[in-house]
Amino acid sequence: KSKIKNKHFLTLDTYSKDEIEYLVQYAIKLKDLQKKGIPHRYLEGKTLAMIFEKSSMRTRVSFEAAMYHLGGHALYISRDEISMGKRETISDTANVMSRFVDGIMIRTFGHHIVEELAANASVPVINGLTDDYHPTQVLADLITIYEKTGKFAGNKLVYVGDGNNMAHSLLFGCATVGIDCTIVTPEGYEVHKDIMEKAEEKAKKSGCTVYQTTDAAEGLKDADIVYTDVWASMGFEDSAEERKGVFRNYQVNEDLVKNANEDYMFFHCLPAHRGEEVSAEVIDGSHSVVFDQAENRLHAHKAILAALLAD
Ligand code: CP
Ligand code: NVA
Numbered sequence: 011k012s013k014i015k016n017k018h019f020l021t022l023d024t025y026s027k028d029e030i031e032y033l034v035q036y037a038i039k040l041k042d043l044q045k046k047g048i049p050h051r052y053l054e055g056k057t058l059a060m061i062f063e064k065s066s067m068r069t070r071v072s073f074e075a076a077m078y079h080l081g082g083h084a085l086y087i088s089r090d091e092i093s094m095g096k097r098e099t100i101s102d103t104a105n106v107m108s109r110f111v112d113g114i115m116i117r118t119f120g121h122h123i124v125e126e127l128a129a130n131a132s133v134p135v136i137n138g139l140t141d142d143y144h145p146t147q148v149l150a151d152l153i154t155i156y157e158k159t160g161k162f163a164g165n166k167l168v169y170v171g172d173g174n175n176m177a178h179s180l181l182f183g184c185a186t187v188g189i190d191c192t193i194v195t196p197e198g199y200e201v202h203k204d205i206m207e208k209a210e211e212k213a214k215k216s217g218c219t220v221y222q223t224t225d226a227a228e229g230l231k232d233a234d235i236v237y238t239d240v241w242a243s244m245g246f247e248d249s250a251e252e253r254k255g256v257f258r259n260y261q262v263n264e265d266l267v268k269n270a271n272e273d274y275m276f277f278h279c280l281p282a283h284r285g286e287e288v289s290a291e292v293i294d295g296s297h298s299v300v301f302d303q304a305e306n307r308l309h310a311h312k313a314i315l316a317a318l319l320a321d
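For the sequence shown, position 206 (counting from the first letter as 1) is numbered 216 according to full-length UniProt numbering, and the numbering increases by one without interruption.
1. Do ASN174 and LYS231 count as a contact pair if the criterion is CB distance below 8 Å?
2. Please go through the same chain and pick out, in chain order, the residues whose beta-carbon is closer than 8 Å to the beta-carbon of ALA250, but skip the five residues on each side of it.
3. Near LEU33, which residues of its chain fall below 7 Å by C-beta distance, leaving aside the five closest residues on each side in sequence?
4. Taking C-alpha atoms, which residue in GLN147, ILE38, ILE193, THR146 lies nearest to LYS166?
5. Based on Cα-Cα distance, which residue from HIS50, LYS41, ASP294, ILE123 lies nearest to ILE61?
6. So which of PRO281, PHE73, ASP28, ASP102 has the shortest CA-CA distance to ASN137?
7. Can you tell me whether CYS279 is helix, strand or coil according to DSSP?
8. Rounded to whole angstroms, how far is the Cβ of ALA84 from the Cβ of LEU43, which I believe are closer than 8 Å?
9. Starting from THR223, trace the beta strand (DSSP E) both ways and give me its first and last residue.
10. So for GLY255, helix, strand or coil by DSSP?
11. Please give the ranges of any beta strand (DSSP E) in the stretch 160-194, keeping only runs that are unbroken, at least 3 residues long and fully inside the region.
12. What does the Cβ neighbour count give for GLN303, buried or exposed, with the cut at 16 atoms within 10 Å?
13. For ILE30 and LEU180, which I take to be in contact (beta-carbon distance under 8 Å), what is that distance rounded to the nearest angstrom?
14. What did DSSP end up calling ALA104 once you bin it into helix, strand or coil?
15. Run the CB neighbour count on SER298, radius 10 Å, all protein chains shown included, and call it buried at 16 or more, exposed below.
16. Taking C-beta to C-beta, are VAL170 and VAL262 nearer than 8 Å?
17. Is ARG68 near the ligand CP, judged by its Cβ being under 7 Å from some heavy atom?
18. Between ALA163 and CYS218, is the Cβ-Cβ spacing less than 8 Å?
19. Just reading off the beta strand (DSSP E) that HIS50 is part of, what are its end residues?
20. Identify the residues that DSSP records as bridge partners of MET94: which are they?
21. Alpha carbon to alpha carbon, how far is THR195 from HIS50?
22. I need the DSSP call for MET60, collapsed to helix, strand or coil.
23. Taking DSSP as the reference, what is the three-state secondary structure of THR238?
24. Could you give the first and the last residue of the continuous beta strand (DSSP E) run that contains MET115?
25. Tell me whether PRO281 counts as near the ligand CP, meaning its Cβ is closer than 7 Å to at least one heavy atom of that ligand.
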């Protein structure tokens, strides 16, 4: 029986090193079963509700495919359909939905919405992205790092860009499993202070380092993995033009990656904007592993779903 059955998956902060490593290995096993055509219908008769208050391609499609592969059913619910918090309270939605389905995946704005939903749901709630965190993406990233390098400790990941949901979840994920993590942002776009402090504690425990700087060349030194994300996340579109100016010198391009290790790998959670946060040469070049990384969303979600929902 899974040790994390019925646990919510809201941030990686509440997952131990053992639990994250378990999910990574479980995902790799499920990926192998899928590639060999061996059925793994561990969620027969189970239903997942998927609430999307923001756009999505990868998260939506991979969660739905994951439920199908596992023998269960996924239900897509858009923001306008249920108008959570307007048509009825978040807690009423959580209470009633818990009586219909076996798990709830939600992508929304404020992280407090996911917390309130989870506090009132009697089934596991999975965070499919909030303004502050994107933990399912980082689980897929850890799977990719493990597959490509065979280890966690001994790798250095450098994230260049906005101190956003991706930066926060990467800090928690890396610090927990022992990957050195540096966050490079322009001044004024750093990660939340309390998240950095928590990551520092985790890093101390796992024996790695976390660090933040505004100097891209300094931060990228010895980078094994160079990671970037959009400059203006969903919900922050109003500041997109202003950000183009602020982030201009932080574009991950051939010049910038000269500061990283020669055999660095390029990661991006996607969707990407060529010519903004990353040049076409880098994202479409030989160091880029973005599509392997995206594929691992499917396997990550299968591991999460099976571990939290299977009997
Ligand atoms: N990376 C990611 O979460 O992609 P979507 O926004 O398309 O789901
Ligand atoms: N930081 C981005 C990630 C998209 C997957 C956003 O929140 O829009």
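Every residue, glycine too, gets a C-beta built ideally from N, C-alpha and C.
Result, derived from the coordinates:
1. no
2. Around ALA250: TRP241, ALA242.
3. LEU149, ALA313, ILE314, ALA317
4. Nearest option by C-alpha distance: ILE193.
5. ILE123
6. Of the candidates PRO281, PHE73, ASP28, ASP102, the one whose C-alpha sits nearest the C-alpha of ASN137 is PHE73.
7. coil
8. Actually they do not touch by this definition, with Cβ atoms about 19 Å apart.
9. Note, THR223: beta strand (DSSP E), 220-223.
10. helix
11. 166-170, 190-194
12. buried
13. In fact, because the Cβ distance is near 13 Å, the residues do not count as touching under 8 Å.
14. helix
15. buried
16. A contact, by the Cβ cut-off of 8 Å.
17. Indeed, a heavy atom of the ligand CP lies less than 7 Å from the Cβ.
18. yes
19. No beta strand (DSSP E) holds HIS50; DSSP gives it neither H nor E.
20. GLU98
21. Computed Cα separation, rounded: 42 Å.
22. strand
23. strand
24. 113-117
25. Correct: PRO281 has its Cβ closer than 7 Å to the ligand CP.
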